[in-house]
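J.: Here the sequence shown is numbered in the UniProt record's numbering, starting from 1 and rising by one per residue.
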Amino acid sequence: MTRTRRENPKSGQIRVGSGLNDIGSGRVSGTWQALIGASHAGSIAIYWGQNGNEGTLAATCATGRYTYVNIAFLNQFGNCRSPESTWPATVIQHQTVTPPLSSSRPLGDAVLDGIDFDIELGSSLHYDDLARSLSAYSNRGRKVYLTAAPQCPFPNRLLGAALNTSLFDYAWIQFYNNPPCQYTSVNVNNLVNSWNRWTSSINAGNIFLGLPTASAAAGSGYVSPNVLTSQILPVIKRSSKYGGVMLWNKFDDDRNSYSASILASV
Numbered sequence: 001m002t003r004t005r006r007e008n009p010k011s012g013q014i015r016v017g018s019g020l021n022d023i024g025s026g027r028v029s030g031t032w033q034a035l036i037g038a039s040h041a042g043s044i045a046i047y048w049g050q051n052g053n054e055g056t057l058a059a060t061c062a063t064g065r066y067t068y069v070n071i072a073f074l075n076q077f078g079n080c081r082s083p084e085s086t087w088p089a090t091v092i093q094h095q096t097v098t099p100p101l102s103s104s105r106p107l108g109d110a111v112l113d114g115i116d117f118d119i120e121l122g123s124s125l126h127y128d129d130l131a132r133s134l135s136a137y138s139n140r141g142r143k144v145y146l147t148a149a150p151q152c153p154f155p156n157r158l159l160g161a162a163l164n165t166s167l168f169d170y171a172w173i174q175f176y177n178n179p180p181c182q183y184t185s186v187n188v189n190n191l192v193n194s195w196n197r198w199t200s201s202i203n204a205g206n207i208f209l210g211l212p213t214a215s216a217a218a219g220s221g222y223v224s225p226n227v228l229t230s231q232i233l234p235v236i237k238r239s240s241k242y243g244g245v246m247l248w249n250k251f252d253d254d255r256n257s258y259s260a261s262i263l264a265s266v
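(1) What are the residues that DSSP puts in a beta bridge with residue 278?
(2) Can you tell which of D129, D252, S239 and Y222 has its C-alpha closest to the C-alpha of S166?
(3) Give a yes or no on contact between the segment 207-219 and the segment 153-168, applying the rule of three or more CB pairs nearer than 8 Å.
(4) If you draw a straight line from the alpha carbon of G37 to that of A214, how long is it in whole angstroms?
(5) How long is the line joining the alpha carbons of P212 and V245, rounded to whole angstroms?
(6) Would you mind stating whether Y170 and G64 have Cβ atoms separated by less than 8 Å?
(7) CB-CB under 6 Å to R151, same chain, minus the five flanking residues each way: which ones, in chain order?
(8) Since I believe S135 is in contact with V144 (beta carbons under 8 Å), could you give me their beta-carbon distance rounded to a whole number of angstroms?
(9) For S124, which option in N156, R142, I262 and S138 has the closest C-alpha, if you only look at C-alpha atoms?
(10) Distance check for R238 and P265, CA to CA, integer angstroms please.
(11) Among the candidates S185, A149 and N139, whose CA atom is the shortest distance from the CA of residue 268?
(12) What is the C-beta distance between L228 and I46, in whole angstroms, given that I count them as a contact (C-beta under 8 Å)?
(13) What residue range is occupied by the uninterrupted beta strand (DSSP E) comprising S43?
(14) To the nearest angstrom, how far is the alpha carbon of F73 from that of Q50?
(15) Shortest alpha-carbon distance to R140 belongs to which of D113, F117, H126 and D118?
(16) Taking the alpha carbon of Y127 as the point to measure from, which residue in T184, R142, G221 and L146 has its own alpha carbon closest?
(17) Between the alpha carbons of K241 and A260, how many angstroms are there, rounded?
(18) Who are the near neighbours of residue 277 in its chain, counting only those whose CB is closer than 7 Å to its CB and skipping five residues on each side?
Here it is, written out as structure tokens:
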């Protein structure tokens with residue numbers, strides 16, 4: 001993930017994962033309208049790197065719309081391969097001045113400051129151990145950020161144990177491609193109920209609402225900017241764990257101007 005500078009500069013990262021894309025009335029019910037709590041300002045996180053037509057990482061950071069940029073994906077390992085051998089020449093050092101973890105890094109001159117767990121297939125074993133091991137690097141003088149992108153069904157089979165370590169700084173929950181816990185044109189309560197369960201059950205620094213930037217970017221779960229800003233954000237922003245909105249992905253965001261449409265409301 002790479003961090004860009006907005007009002008509150010945060011941090012940046014490379015993502016470890018499978019690499020696989022990866023209310024009846026339409027109104028929030030009175031139960032959610034009555035939730036008590038002040039609204040919290042948030043940030044936008046974006047995934048970059050899955051489409052050669054989405055522009056450079058430098059240009060992505062320069063938009064000023066994204067506080068977090070996740071580089072997607074590092075999903076091939078072994079056989080003495082280094083990510084540097086196929087890494088885009090456009091990768092830039094994130095815009096905070098911090099020393100590298102070591103003088104020898106697998107991504108050339110790129111300086112990253114965290115790891116994102118986007119695990120959608122396979123075994124659930126040892127991601128908690130990996131989180132503990134990576135977190136230990138923060139004791140060496142430089143913060144290593146840990147983030148996760150679990151899908152919205154709760155509990156999460158693949159990342160539940162890792163999230164239970166309480167070591168994750170941010171969790172961007174994927175509220176799409178999962179009908180039981182995503183928005184539909186006739187039901188916003190499934191999403192809100194799932195959001196409340198996540199925010200009341202996991203100990204992460206901040207939790208983000210993960211959404212596709214276009215209907216073409218996901219199989220289901222697209223939420224229009226108008227619905228997001230008028231019906232959903234006013235409710236979920238009342239959570240003290242609200243961190244903002246995670247968007248998949250930069251290519252479709254460029255085409256639809258999704259982040260620009262919601263930025264003032266996030």
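Positions of the beta carbon are idealized from the N, C-alpha and C atoms, including for glycine.
Quick caveat, the model's predicted, so the values are computed rather than measured.
T.: Straight from the coordinates:
(1) This structure cannot settle anything about residue 278, because the visible part of the chain is limited to 1 through 266.
(2) Along the sequence shown, read from residue 1 onward, the residue named residue 166 stands at position 166. The candidate whose alpha carbon is nearest that of S166 is D129.
(3) no
(4) For the purposes of this step, residue 37 is taken as the residue at position 37 of the sequence shown. For the purposes of this step, residue 214 is taken as the residue at position 214 of the sequence shown. Below a pLDDT of 50, predicted positions are generally treated as unreliable, and G37, at 45, falls in that range; no measurement from the model is reported.
(5) Your numbering for residue 212 matches position 212 in the sequence shown. Your numbering for residue 245 matches position 245 in the sequence shown. If I take the Cα positions, the gap works out to 10 Å.
(6) Residue numbering aside, residue 170 sits at position 170 when the sequence shown is read from its first letter. Residue numbering aside, residue 64 sits at position 64 when the sequence shown is read from its first letter. No, the Cβ-Cβ distance between Y170 and G64 is not below 8 Å.
(7) Here residue 151 corresponds to residue number 151 of the sequence shown, with the count starting at 1. Per the sequence presented here, residue 151 reads as Gln, with Arg not at that position. Hits under 6 Å: Q174 and N178.
(8) Position 144 of the sequence shown holds residue 144. Position 135 of the sequence shown holds residue 135. The Cβ separation is near 7 Å, so the contact holds.
(9) Within the sequence shown, numbered from 1, the residue matching residue 124 stands at position 124. Among N156, R142, I262 and S138, the Cα nearest to that of S124 is on N156.
(10) Here residue 265 refers to the residue found at position 265 when the sequence shown is read from its first residue. Here residue 238 refers to the residue found at position 238 when the sequence shown is read from its first residue. One detail in the question is off: residue 265 reads as Ser in this sequence, not Pro. Cα to Cα, the separation comes out at about 13 Å.
(11) Only positions 1 to 266 of the chain appear in this structure, which leaves residue 268 out of reach.
(12) The residue given as residue 228 occupies position 228 in the sequence shown. The residue given as residue 46 occupies position 46 in the sequence shown. With 8 Å as the limit, L228 and I46 do not qualify as a contact, their Cβ atoms being about 15 Å apart.
(13) Position 43 of the sequence shown, counting from 1, holds the residue named residue 43. Its beta strand (DSSP E) spans residues S43 to W48.
(14) Position 73 of the sequence shown holds residue 73. Position 50 of the sequence shown holds residue 50. Using only the alpha carbons, I get a separation of about 7 Å.
(15) Reading the sequence shown from its first residue, position 140 is the one you call residue 140. The shortest Cα separation from R140 among D113, F117, H126 and D118 belongs to D113.
(16) Within the sequence shown, the letter at position 127 stands for residue 127. Of the listed residues, the one whose Cα sits closest to Y127 is L146.
(17) Position 241 of the sequence shown holds residue 241. Position 260 of the sequence shown holds residue 260. Distance between the alpha carbons of K241 and A260 is about 23 Å.
(18) The displayed coordinates of the chain run from 1 to 266. Any statement about residue 277 would go beyond what the structure contains.
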